[in-house]
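Down below is the structure, laid out as C-alpha cells.
Number of protein chains: 2
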Amino acid sequence: MTNTTQYLKKIGIEAKKASHLMAKASTQQKNDALSILIQLLNSKAKALLKANEKDVQEAKKNKMDHAFIDRLIITSKSIDSMIKGIQDIIDLKDPVGEIMHLNMRPSGIQVGQMRVALGVIGMIYESRPNVTIDAASLAIKSGNAIILRGGSESISSNIALRNLIHEALKKAGLSIQAVQVIDSADRSIVNGMIKLNDYIDVIIPRGGKSLNKMISDQATVPVIKHLDGNCHVFIDKDADLNKSLKIIENSKTQRLGTCNTAESLLISRDIAANFLPKIIKMLHQHKVEIRGCKKTLQLIKGINAASEDDFYTEYLDAIISCKIVDNTDDAIRHINQYSSHHTDTIVTENYDCAMRFLKEVDSSSVMVNASTRFADGFEYGLGAEIGISTNKLHARGPVGLEGLTSLKYIVLGNGHIRK
Amino acid sequence: MTNTTQYLKKIGIEAKKASHLMAKASTQQKNDALSILIQLLNSKAKALLKANEKDVQEAKKNKMDHAFIDRLIITSKSIDSMIKGIQDIIDLKDPVGEIMHLNMRPSGIQVGQMRVALGVIGMIYESRPNVTIDAASLAIKSGNAIILRGGSESISSNIALRNLIHEALKKAGLSIQAVQVIDSADRSIVNGMIKLNDYIDVIIPRGGKSLNKMISDQATVPVIKHLDGNCHVFIDKDADLNKSLKIIENSKTQRLGTCNTAESLLISRDIAANFLPKIIKMLHQHKVEIRGCKKTLQLIKGINAASEDDFYTEYLDAIISCKIVDNTDDAIRHINQYSSHHTDTIVTENYDCAMRFLKEVDSSSVMVNASTRFADGFEYGLGAEIGISTNKLHARGPVGLEGLTSLKYIVLGNGHIRK
Chain V
1 MTNTTQYLKK
11 IGIEAKKASH
21 LMAKASTQQK
31 NDALSILIQL
41 LNSKAKALLK
51 ANEKDVQEAK
61 KNKMDHAFID
71 RLIITSKSID
81 SMIKGIQDII
91 DLKDPVGEIM
101 HLNMRPSGIQ
111 VGQMRVALGV
121 IGMIYESRPN
131 VTIDAASLAI
141 KSGNAIILRG
151 GSESISSNIA
161 LRNLIHEALK
171 KAGLSIQAVQ
181 VIDSADRSIV
191 NGMIKLNDYI
201 DVIIPRGGKS
211 LNKMISDQAT
221 VPVIKHLDGN
231 CHVFIDKDAD
241 LNKSLKIIEN
251 SKTQRLGTCN
261 TAESLLISRD
271 IAANFLPKII
281 KMLHQHKVEI
291 RGCKKTLQLI
301 KGINAASEDD
311 FYTEYLDAII
321 SCKIVDNTDD
331 AIRHINQYSS
341 HHTDTIVTEN
351 YDCAMRFLKE
361 VDSSSVMVNA
371 STRFADGFEY
381 GLGAEIGIST
391 NKLHARGPVG
401 LEGLTSLKYI
411 VLGNGHIRK
Chain F
1 MTNTTQYLKK
11 IGIEAKKASH
21 LMAKASTQQK
31 NDALSILIQL
41 LNSKAKALLK
51 ANEKDVQEAK
61 KNKMDHAFID
71 RLIITSKSID
81 SMIKGIQDII
91 DLKDPVGEIM
101 HLNMRPSGIQ
111 VGQMRVALGV
121 IGMIYESRPN
131 VTIDAASLAI
141 KSGNAIILRG
151 GSESISSNIA
161 LRNLIHEALK
171 KAGLSIQAVQ
181 VIDSADRSIV
191 NGMIKLNDYI
201 DVIIPRGGKS
211 LNKMISDQAT
221 VPVIKHLDGN
231 CHVFIDKDAD
241 LNKSLKIIEN
251 SKTQRLGTCN
261 TAESLLISRD
271 IAANFLPKII
281 KMLHQHKVEI
291 RGCKKTLQLI
301 KGINAASEDD
311 FYTEYLDAII
321 SCKIVDNTDD
331 AIRHINQYSS
341 HHTDTIVTEN
351 YDCAMRFLKE
361 VDSSSVMVNA
371 STRFADGFEY
381 GLGAEIGIST
391 NKLHARGPVG
401 LEGLTSLKYI
411 VLGNGHIRK
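Protein chains in written order, with our numbering: chain V, 1 to 419; chain F, 1 to 419.
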C-alpha cells in the first residue's frame with residue numbers, strides 16, 4: 001500500500017463512521033452547527049483573512065493571473081456572502097427522514113420510501129475557498145459526511161476554514177470527521193479519491209473543463225458530472241421580437257463566463273430575414289462576435305463563418321454561433337445533437353411548438369420564453385447548489401440538498417410473510 | 001477502429017436516434033406495440049419454441065447443468081408468463097411527460113420538473129430468454145431505446161424474440177432500432193458496451209456475481225448495480241416469538257437462491273436463551289445449517305462456528321449465519337458493516353427500536369416485522385422490475401418504469417430575464 005492509499009483509507013474509514021452519525025443527527029443539531037459556524041466566521045474573521053493572505057501572497061509570487069487571485073481572495077464582503085449562504089441553508093427544510101408514498105399492498109404490508117443521506121461525498125474543486133463553506137454546509141444539513149479536496153493554492157485558507165467548521169461541529173455535539181479537508185497538495189490524492197468506492201458514495205467535481213472531464217472519464221465512484229454549458233436560444237417562427245431581443249441579450253451578455261450563458265443562437269428561416277438584422281445589431285452593440293452558418297452569411301454581410309466545431313463550442317466569451325433552422329423540429333434535432341444538455345430555451349408564442357420543445361429537448365433545463373441565465377439553484381428555489389449536474393441519472397440540473405440524498409424503500413408489516 | 005468498436009458504434013448511433021423517437025412516442029403507440037407483441041407471442045409460439053429448442057440442444061451437447069438448462073428453456077407456460085408480464089406493463093401508467101412541483105418563483109418564472117426517458121439502456125444478462133421480453137417491454141413503455149446483450153447460449157431464442165419485437169414495433173409505427181439484440185457471441189462486446197458513453201446512458205447488468213462485479217468495476221457508463229443480497233433478520237429484545245419464527249422461516253427457507261433471501265440472523269442477547277433454541281429447531285427442520293458466533297456456540301451445542309467471512313457471505317444455500325448482539329444499536333452497526341445494503345428487517349414490538357432501525361439501517365429496503373422476501377418489484381406495486389438496485393444514487397431497490405426515467409427541470413416564462 002502506498003502512503004496515499006493508506007492516507008485515503010484512513011480518511012475514508014473516518015468519514016464513513018462519521019456519516020452514520022450524521023445520518024441520524026437531529027435537525028436541531030445540524031442547524032446548531034451551522035449557526036455556530038456563522039458566529040465563528042464573524043468572531044474569527046481576522047485569523048481567517050490572515051491565513052488567506054498567506055495563500056494570496058504565494059499566488060502573487062507564483063505570478064498567477066488576476067482572475068485566479070480574484071477567486072482565491074477572501075474579503076470581509078466574501079465572508080458576509082458565506083454567512084448569508086449558511087443562513088439560507090439553515091432556513092431550508094431538513095430533507096432527511098421524509099417518508100412518502102406509503103401505500104398498503106394487497107399482501108397487507110405497507111410500502112413507501114424514506115429520504116436518507118447519501119453517505120460520504122468527495123468534493124474536488126479548485127481554489128475558491130467559498131466552496132469549502134458552501135459544500136460543508138450543504139453536507140452537514142443533508143446529513144452526509146464530506147471529504148474536501150480544494151486547490152493546492154488555497155490550502156492555508158482551507159485549513160483555517162476547516163478549523164472553524166470543526167469547532168462548530170464539536171460545539172454542536174457532532175463528529176468533526178464529518179467534514180475533512182485534505183491538506184496535502186499531492187495530486188495523486190485526486191486519482192485515489194475517485195476510485196475509493198469502499199468509502200466514498202459520490203464524487204462532485206467543481207472546476208475547469210479538464211478537471212471535470214478527467215474525473216468523469218476515470219472515476220469508478222459515481223460522479224455528479226458538471227460538463228460544458230453549450231446553451232441554446234431558439235427563436236421560433238412565432239416568436240415575439242421584443243421578447244427575443246431581451247432573452248438573447250440577457251442569455252448571452254449578462255455574464256459571459258458562466259455555464260448558463262447562451263453560446264448558440266438558432267432562428268427559424270421564416271423570420272430570419274426580419275429578426276436577424278435586429279438581433280445582430282443588438283449583439284454588436286454588446287461587442288459580441290457572431291459566427292454564422294451558410295444561410296446566415298447569405299443574409300447578413302460581414303460576419304464570420306461558423307465551422308462545425310463552433311456549434312459544439314462553449315465559448316465563455318463574447319462570441320455566439322448562429323444557425324438558421326427550418327422549423328421547431330429542426331431546432332430540436334440540432335440541439336439534441338450539439339447541445340451539452342445543460343440549458344436550452346425557445347422563444348415562441350405558439351403553444352404546440354413550446355410543448356414539443358419542452359418535451360423533446362433532452363437537456364437538464366428546458367425553458368420557454370425565459371433567459372438561460374435562470375438555470376441556477378437560487379433562481380429555482382433550491383436555496384443553494386453544490387453544482388449543476390449534466391448527468392441523466394440521479395440529480396439533473398442544479399443540485400441542492402435533495403440531490404445529496406436518496407430514497408430507500410421501507411416496508412411496515414405485522415408479522416407478514418410472502419405467500 | 002476494431003470491428004467490435006465499429007459494430008458497437010453503428011448500433012449506438014441507431015439506438016440514440018431511435019431513443020429520440022421513442023421519447024416522443026404516444027402512450028397509445030407504446031401500448032399498441034406491447035399488445036401486438038402479446039398477439040405475436042401467441043400466434044408464433046411454435047417458431048419460438050423451435051428456436052429455443054436449438055439453444056437447449058446445444059446446451060445439452062455442451063453438458064451445461066440442469067439449473068442452467070432450466071433457466072434457458074422456453075415452455076408454453078413460460079410464454080404465458082411473458083404475456084402476463086407484458087400485460088402488467090401495458091396496464092401501468094405511462095411515466096413519461098408527468099410534470100411536478102411547478103412553482104412560481106419571485107422572479108416571475110415558473111419552475112418545475114418533467115419526467116423523461118433516460119435515452120439508451122444497455123442490458124447485459126445471462127441465458128434467460130424471458131429477460132429479453134421483460135427488459136424490451138419496460139424499455140418500450142418508458143420511452144427508451146435498449147440494446148440487449150444476452151448470454152451466448154440463448155442467441156437463437158433471442159433472435160426469434162427480437163423478430164417478434166421488431167414486428168410489433170413496426171406495426172405500431174415505432175422504430176425497430178428501439179430494441180436491438182446483439183447476436184454475436186464475441187465477449188469483447190460486453191467490454192465495449194460498458195464504455196460506450198457517447199451512445200449508452202445506463203448499463204443494467206443482470207447476471208451472476210462475477211459478471212455484475214466486473215461491470216461495476218470497469219464501466220464508465222453509469223451502472224444500475226445489482227450486487228449481493230446479504231440480507232439480515234434482526235430479532236429485537238421486544239420481538240414476538242411467533243412473528244419471529246414465521247419471518248425467519250419465510251425469509252430463509254421460502255426460496256434459497258434469491259437475492260432477497262435472508263443469509264444472516266441477529267438476535268438480541270436479552271432473549272437469545274429463550275428464543276434461539278426454538279428458532280434453530282425450526283431451521284433444522286428445514287435442513288438449514290446454522291453457523292454461529294462465539295456466544296451462539298456457548299448457548300447452543302453442536303452447531304458450526306461462523307468465521308468473520310461468514311458474516312459477509314451471501315450463501316444462496318441452506319446455510320445461515322447467526323450472531324448474538326447487545327441491542328438494536330449493535331445490530332444496526334453490524335448490519336451497516338456486513339450487509340450488502342440490499343434488504344434488512346427487524347422483528348420488534350418496540351416503537352423506538354423500529355423507528356431507529358428504519359432510519360439508521362443503510363440499505364435499499366429496510367423492513368419492520370416483514371419477511372425480506374417482500375423486496376420485489378411486484379410486491380412493491382411497481383408492476384415489473386428490471387432489477388434490484390444496490391446503488392445509492394438514482395434508483396435504489398426494485399427498479400421499475402420510474403427507475404428508467406429521470407427528471408429534467410422546465411422553466412416557463414413570458415419574456416423573463418434575470419436581473
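Don't be surprised by glycine CBs; every beta carbon is placed ideally from N, CA and C.
The alpha helix (DSSP H) that contains residue i, what's its start and end?
i: V:Lys408; result: Looking at the DSSP string, V:Lys408 is not in any alpha helix (DSSP H); the run it does join, the beta strand (DSSP E), is Thr405 to His416.
i: V:Met355; result: Tyr351 to Glu360
i: F:Glu420; result: Lying before the first or after the last residue shown, residue 420 of chain F is absent from chain F, which here runs from 1 to 419.
i: V:His166; result: Ile155 to Lys171
i: V:Thr296; result: Lys294 to Leu299
i: V:Ala239; result: Premise fails: V:Ala239 is in no alpha helix (DSSP H) and is neither H nor E.
i: V:Gln29; result: Thr27 to Ser43
Whole angstroms are fine: how far does the CA of residue j sit from the CA of residue i?
i: V:Gly229; j: V:Met367; result: 15 Å
i: F:Ala423; j: F:Tyr380; result: A question about residue 423 of chain F goes unanswered here, because the residues of chain F that appear run from 1 up to 419.
i: F:Arg128; j: F:Lys392; result: 27 Å
i: V:Thr258; j: V:Asn144; result: 28 Å
i: V:Ser216; j: F:Ser264; result: 37 Å
i: F:Ala139; j: F:Leu407; result: 17 Å
i: F:Pro95; j: V:Lys171; result: 46 Å
i: F:Ala23; j: F:Met123; result: 18 Å
i: V:Lys63; j: V:Ser152; result: 15 Å
i: F:Asp80; j: F:Lys50; result: 16 Å
Leaving aside the five residues before and after residue i along the sequence, list all residues of the same chain whose C-beta is less than 6 Å from its C-beta, in chain order.
i: V:His101; result: Gly112 and Gln113
i: F:Ile291; result: Checking the displayed sequence, the identity of residue 291 of chain F turns out to be Arg instead of Ile. Same-chain partners within the cutoff: Asn304, Ala306, Asp310 and Ser321.
i: V:Ser365; result: Thr343, Ala375 and Gly397
i: V:His286; result: Thr253
Compute the distance between the beta-carbons of residue i and residue j, then report whether it is under 8 Å.
i: F:Arg373; j: V:Arg356; result: no
i: V:Ser19; j: V:Ala135; result: no
i: V:Asn327; j: V:Ser268; result: yes
i: V:Val190; j: V:Pro222; result: no
i: F:Ile13; j: F:Leu41; result: no
i: V:Arg206; j: V:Val131; result: yes
i: F:Glu308; j: F:Met282; result: no
i: F:Gly377; j: F:Gly400; result: yes
i: F:Lys323; j: F:Asp270; result: no
i: F:Leu266; j: F:Asp317; result: no
i: F:Ala219; j: F:Ile194; result: yes
i: V:Val347; j: V:His334; result: no
Are the C-beta of residue i and some C-beta of chain V separated by less than 8 Å?
i: F:Ala135; result: no
i: F:Thr220; result: yes
i: F:Ala331; result: no
i: F:Ala83; result: According to the sequence as given, residue 83 of chain F is Ile; it is not Ala. Chain V contact via Cβ: absent.
i: F:Ile89; result: no
i: F:Asn212; result: no
i: F:Ile147; result: no
i: F:Asn350; result: no
i: F:Tyr338; result: no
i: F:Glu126; result: no
Is residue i close to chain F, meaning its C-beta is less than 8 Å from at least one C-beta of that chain?
i: V:Leu367; result: Checking the displayed sequence, the identity of residue 367 of chain V turns out to be Met instead of Leu. At least one chain F Cβ lies under 8 Å of V:Met367.
i: V:Gln254; result: yes
i: V:Lys243; result: yes
Starting from residue i and walking both ways along the beta strand (DSSP E), at which residues does that stretch end?
i: V:Met64; result: Segment: none, V:Met64 is in no beta strand (DSSP E) and carries neither H nor E.
i: F:Tyr338; result: Segment Thr328 to Tyr338 is the alpha helix (DSSP H) holding F:Tyr338; no beta strand (DSSP E) there.
i: V:Arg427; result: Lying outside 1 to 419, the shown extent of chain V, residue 427 of chain V is not represented and no answer is given.
i: V:Pro129; result: Here V:Pro129 belongs to no beta strand (DSSP E); instead the alpha helix (DSSP H) covers Pro129 to Lys141.
i: F:Ser216; result: Per DSSP, F:Ser216 belongs to no beta strand (DSSP E); it is in the alpha helix (DSSP H), Lys209 to Gln218.
For a test of your reading of the model: does the CB of residue i fall under 7 Å from any non-hydrogen atom of the ligand NAD? Yes or no.
i: V:Gln180; result: The model depicted lacks the ligand NAD and carries no ligand whatsoever.
Please return the same chain residues whose Cβ sits closer than 8 Å to the Cβ of residue i, not counting the five positions on each side in sequence.
i: F:Asp91; result: Gly383
i: V:Ser76; result: Ala45 and Leu49
Return the chain-ordered list of same chain residues with a C-beta closer than 7 Å to the C-beta of residue i, the five sequence neighbours on each side being excluded.
i: V:Asp32; result: Ala172
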